[in-house]
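Engineer:
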Amino acid sequence: MSGEFKRVRVTVRGNVQGVGYRYFVLERAQSLGIHGWVRNLFDGRVEAELEGGDDAVKMLIDAMREGPTFAHVQQVQTFPLGGGGEYDNFRVRPDGQ
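Written out as structure tokens, the structure is:
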């Protein structure tokens, strides 16, 4: 993948818990070489932090807009973050606030 390094936080609203959404994101992130994490939030959203090449991050966000078969994504918000290089893999984190 080409492009500059990018680091973003993503929140996803809709029917995205209990449908395999986090593991869908995990698989896609690993296949694209993206580092970071994904977790469920107590308010029903899913949150992720992504680090990687600009093109790969855009591809993952596009996949997150679709989600797995039983998900229904209503809204995806992205928030640019500074820095980077904090993660050396991608993982599912415990649920959080």
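With my numbering applied, the sequence shown covers -11 to 85. Here a beta-carbon is modelled for each residue, glycine too, at the ideal position from N, C-alpha and C.
Please report the distance separating the alpha-carbon of glutamate -8 from that of glycine 71.
Structural biologist: Along the sequence shown, one-based indexing puts residue -8 at 4. Along the sequence shown, one-based indexing puts residue 71 at 83. Glutamate -8 and glycine 71: Cα-Cα distance of roughly 13 Å.
Engineer: Please look up how many angstroms separate the CB atoms of valine 34 and valine -4, rounded, as I've assumed it's under 8 Å.
Structural biologist: Here residue 34 is taken as the residue at index 46 of the sequence shown, counted from 1. Here residue -4 is taken as the residue at index 8 of the sequence shown, counted from 1. No, valine 34 and valine -4 are not in contact; Cβ-Cβ is about 14 Å, not under 8 Å.
Engineer: Based on DSSP bridge pairs, tell me the residues matched to glutamine 18.
Structural biologist: Your numbering for residue 18 matches position 30 in the sequence shown. According to DSSP, which records beta bridges pairwise, glutamine 18 is partnered with nothing at all.
Engineer: Closer than 6 Å by C-beta to lysine -6: which residues in its own chain qualify, once you throw out the five before and the five after it? Chain order, please.
Structural biologist: One-based indexing of the sequence shown puts residue -6 at position 6. Asp42 and Val45, listed in sequence order.
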